[in-house]
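Novice: Submitted below is the structure of interest, expressed as structure tokens.
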Amino acid sequence: MNSSQRLRARFVLGGVIVAACGLGFSLYITQIVNGANYSAKAHKQYSKPIVALFDRGSIFFTSKDGSHPAAATLTSSYSLYMSPKLISDPSGTYQALSQYIKLDQDQFMKKAVLKEDPYEELAKKVDATVAQSISNLSLVGIGVNKENFRSYPWKNLAAQTIGLIGESDGVVKGRYGLESVYEETLSRPTIGSTANIFADLFTSVRDSVFSNDNVLYGDIVTTIEPTVQAYLEKIIGKAESEWRPEEIGGIIMDPHTGEIIAMTSQPSFDPNDTSKITNPGIFSNRLVENSYEMGSIMKPLTIATGLDDGVITPTWTYDDTGTMTLSGKKISNFDGKARGVIPVQEILSQSLNVGAATVALKVGKVDFAKYFTSFGLGSKTGIDQPNETAGISGNLKTGRDVEIATMAYGQGIAVSPIAITRALAVLANNGKLVRPHIVKEIDYADGSKKLITSDINTQVLKPQSVEDVTKMLVKAFDVALRKGVFKMEHYSVATKTGTAQIADPATKSYYPDRFLHSFVGYFPAYKPKFIVFLYQKYPKSTQYASDTLTEPFSELTKFLIDYYNIPPDR
């Protein structure tokens, strides 16, 4: 080939390359840049829309035996649709379909006469066998379309914790719970979109070249043990039926790792069918998003603060006068009665407000606020749930004696159930603060794994202070709580109840007859496996938490000891 021929060949080749690039760019503009517009126009022309199958990672529980049953996964089914303008015999078509699927005849006929409508859905979640049978009929204007949908095999179990997905502008995303928090991990590129192979190729190139995100898709494995979760929900449901509260819930946590073994609040819902839910607030995790004045379960933290600060000892005594006045406000024991000179043990055994206030005042405003802040009160725990509240803790900063005194027995400071559980877990974890978490592992699509642990393990109390308070709480359970009838001969159990007045938002004062009941306990007390927190908002028929939550706690304790075969400690 001479130089002239080589020049012509290069010219032709260059022209081909330019033409190919031009064609490629044109296709890119048409199918990628303007693809959504053309797709929308196409939807109006055909008898059914071109539906993309969404994909999403799974969420798993962790059973005691190490298995991982699915808590949220994808399930495939079919939708049945019609194109009314193509149906010439609505009655015959309905009769043919009725052989395989039950349809409302009146609704079918109303849709069949909408001749200007190219698409009407007749049924969702149609079984594959039924869908195939209908397809085999080859009915003009009738078709089936494969679809994926989110399935929650355990229905109501841990519903608020697992969460929900939702669709907005054709995009499916996690809206509540873990579905929301781990959206980036659980989301997937759409399957079977309207783009063709060429578009798929360009899309992948575009995403790899122009995206700054290095997203790793995966599945998540939770710390939730399904059998324990189910038993907690059973006990909570039983108490709800008996006491008819506005809200009720509970948390079971490993105090050493922060792993949430179970958590629930009622009322709840079935995420597979939310069509009848009128109040979207039911989807939120109240254990994380709401805050409450918790009452006397704060007292163990107050006593621990006094011991740790060195202003009291385990044998310290004080003169309980029954009432005290600070800044013009009267503080009283629950019954207003004086006890005289009594030991610190009785502050917990008899749940004495004046005693707790006395300890807080001895600690002093600055140090007391410092300790309560170190317990995480007034800040978010960092749990992997959306919309966590930091609570209401402004009284820690006022510097007034009356606020310090009332906070010492759990009024004037509002915290979430998960926050108070974390704070009290310090007593069960040798004085260390941990971060509660629900996901323990992420299994990425590339085969790698990420283990998630509590990244906080801060020493906030001396081990001796914790041991001294634990001894008092064990004695309170063995002797004082319901006169010791729930004492366990071979297990030490540390507990405290709480009864707090509920504030009236309209009057800014407290309701005279509405209370929040709370209960906390950990066991075996000196080497705890679990910490359990329970609460009820405005239970009926009784005033004190010892009446409403002692039995539920006792049942949960016995179940957990048996289920995990926990050895006795005494």
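Residues 0 to 569 (numbering that gives the first Met the number 0) make up the sequence shown, in order.
Positions of the beta carbon are idealized from the N, C-alpha and C atoms, including for glycine.
These figures come from a predicted structure and were not determined experimentally.
1. Write down the C-beta distance between F600 and Y537 rounded to the nearest angstrom, noting that I regard them as a contact closer than 8 Å.
2. Answer with buried or exposed for Y562, where buried requires no fewer than 16 other C-beta atoms within 10 angstroms of its C-beta.
3. In this structure, does DSSP put Y509 in helix, strand or coil?
4. Can you find at least 3 beta carbon pairs, one from the stretch 487-503 and one from the stretch 225-235, that sit closer than 8 Å?
5. Need the endpoints of the beta strand (DSSP E) that Y80 sits in, please.
6. Can you grab the Cα-Cα spacing for the pair E550 / L360, in whole Å?
7. For the ligand COA, is there any heavy atom lying closer than 7 Å to the beta carbon of H67?
8. Using DSSP bridges, identify the partner residues of Y230.
9. Tell me, please, whether the stretch 141-157 touches the stretch 263-283 by the rule of three or more beta-carbon pairs shorter than 8 Å.
10. What are the partner residues of H255, as DSSP defines its beta bridges?
11. Is it buried or exposed for E246, if we count other Cβ within 10 angstroms and need 16 for buried?
12. Once DSSP output is grouped into helix, strand and coil, what is the label at F522?
13. In whole angstroms, what separates the C-alpha of T256 from that of D334?
14. I need the boundaries of the beta strand (DSSP E) containing Y562, first residue and last residue.
15. In angstroms, rounded to a whole number, what distance separates the CA positions of T420 and T184?
16. Where K336 and G354 are concerned, what is the direct C-alpha to C-alpha distance, given to the nearest angstrom?
17. Given that a residue counts as buried once 16 or more other Cβ atoms are within 10 Å of its Cβ, and exposed if not, what is T314?
18. Please go through the same chain and pick out, in chain order, the residues whose beta-carbon is closer than 6 Å to the beta-carbon of R243, but skip the five residues on each side of it.
19. For a test of the three-state rule: what should DSSP assign to N456, helix, strand or coil?
20. Using three-state DSSP, classify D546 as helix, strand or coil.
21. Any idea if A505 is buried or exposed, counting beta-carbon neighbours within 10 angstroms, 16 or more meaning buried?
22. Please list the terminal residues of the continuous alpha helix (DSSP H) segment that includes N135.
23. What would DSSP say about K328, mapped onto helix, strand or coil?
24. Run through DSSP, which three-state label would A261 get?
25. Suppose the cutoff is 7 Å on Cβ atoms and the five residues either side in sequence are ignored; what does the same chain contact list for G377 look like?
26. Enumerate in chain order the residues of its own chain whose CB-to-CB distance from A35 is below 7 Å, with the five nearest sequence positions on each side excluded.
27. Would you kindly work out how many angstroms separate the C-alpha atoms of M293 and E182, rounded to a whole number?
28. Which word fits V531, buried or exposed, when buried means at least 16 other C-beta atoms lie within 10 angstroms of its C-beta?
29. Anyone know if the C-beta pair for S167 and P117 falls short of 8 Å?
30. For the beta strand (DSSP E) holding Q500, just list the boundary residues, first then last.
31. Kindly list the residues whose CB is nearer than 7 Å to the CB of V125, restricted to its own chain and excluding five residues on each side of it in sequence; keep chain order.
32. What residue does the alpha helix (DSSP H) around R149 start on, and which one ends it?
33. Taking the beta carbon of L515 as the centre, do at least 16 other beta carbons fall within 10 Å, making it buried, or is it exposed?
34. Measuring only the C-alpha atoms, how far is I49 from F59?
35. Please identify the residue among D88, N289, G56, T273 whose C-alpha is closest to the C-alpha of Y534.
36. Relative to the C-alpha of I219, which residue among A238, S447, Q410 is closest?
Specialist: Judging by the given coordinates:
1. Outside the shown range of the chain, which is 0 to 569, sits residue 600, and nothing can be said about it.
2. It is exposed - the Cβ of Y562 has fewer than 16 other Cβ atoms within 10 Å.
3. In the structure shown, Y509 sits in a strand (DSSP, three-state: E or B).
4. No: fewer than three Cβ pairs fall under 8 Å.
5. 69-81 is the span of the beta strand (DSSP E), which, as asked, contains Y80.
6. The alpha-carbon separation between E550 and L360 amounts to approximately 34 Å.
7. No copy of the ligand COA appears in this structure; indeed no ligand is present at all.
8. According to DSSP, which records beta bridges pairwise, Y230 is partnered with nothing at all.
9. Contact between the stretch 141-157 and the stretch 263-283 is present: three or more C-beta pairs spanning the two stretches fall below 8 Å.
10. For H255, which the question treats as bridged, DSSP gives no partner whatsoever.
11. Taking all protein chains shown into account, E246 has 16 or more neighbouring C-beta atoms within 10 Å of its C-beta and is therefore buried.
12. Of the three classes helix, strand and coil, the one that applies to F522 here is strand, per DSSP.
13. Cα-Cα distance, rounded: 39 Å.
14. For Y562, there is no enclosing beta strand (DSSP E); the residue is part of the alpha helix (DSSP H) that begins and ends at 549-562.
15. So the alpha carbons of these two residues sit roughly 28 Å apart.
16. In a straight line, the C-alpha of K336 is about 12 Å away from that of G354.
17. Burial call: exposed.
18. Cβ neighbours of R243 beyond the five flanking positions: K539.
19. Strand at N456.
20. Secondary structure at D546: helix, using DSSP grouped into helix, strand and coil.
21. Classification of A505: exposed, given that the 10 Å Cβ count is below 16.
22. Note, N135: alpha helix (DSSP H), 127-135.
23. DSSP places K328 within a strand segment (E or B) once states are collapsed to three.
24. Judged by DSSP in its simplified three-state form, A261 adopts strand.
25. Taken in chain order, the residues that qualify are A389, G390, S392, L395.
26. Note on A35: pLDDT 41, under 50, position unreliable in the model; the coordinate value appears next. Beyond the five residues adjoining it in sequence on each side, A35 comes within less than 7 Å, by CB distance, of no other residue in the same chain.
27. The alpha-carbon atoms of M293 and E182 are separated by roughly 33 Å.
28. Its Cβ being crowded by 16 or more others within 10 Å, V531 is buried.
29. No, these two residues do not count as a Cβ contact at 8 Å.
30. Boundaries of the beta strand (DSSP E) harbouring Q500: 493-503, taken from the DSSP string.
31. Apart from the 5 residues on each side of it in sequence, V125 sits with its Cβ closer than 7 Å to the Cβ of S76, Y77, S78, L79, I100, V143 in its chain, given in chain order.
32. It is not in any alpha helix (DSSP H) - R149 instead sits in the beta strand (DSSP E) that spans 141-150.
33. Under a 10 Å Cβ-count criterion, L515 is classified as buried, with 16 or more other Cβ atoms of the shown protein chains found around its own Cβ.
34. At I49 the pLDDT is 45, less than 50, meaning the model places this residue with poor confidence; the figure from the coordinates comes in the next sentence. Rounded to the nearest angstrom, the two C-alpha atoms are 32 Å apart.
35. Nearest of D88, N289, G56, T273 to Y534, Cα basis: N289.
36. Minimum Cα distance to I219 is reached at S447.
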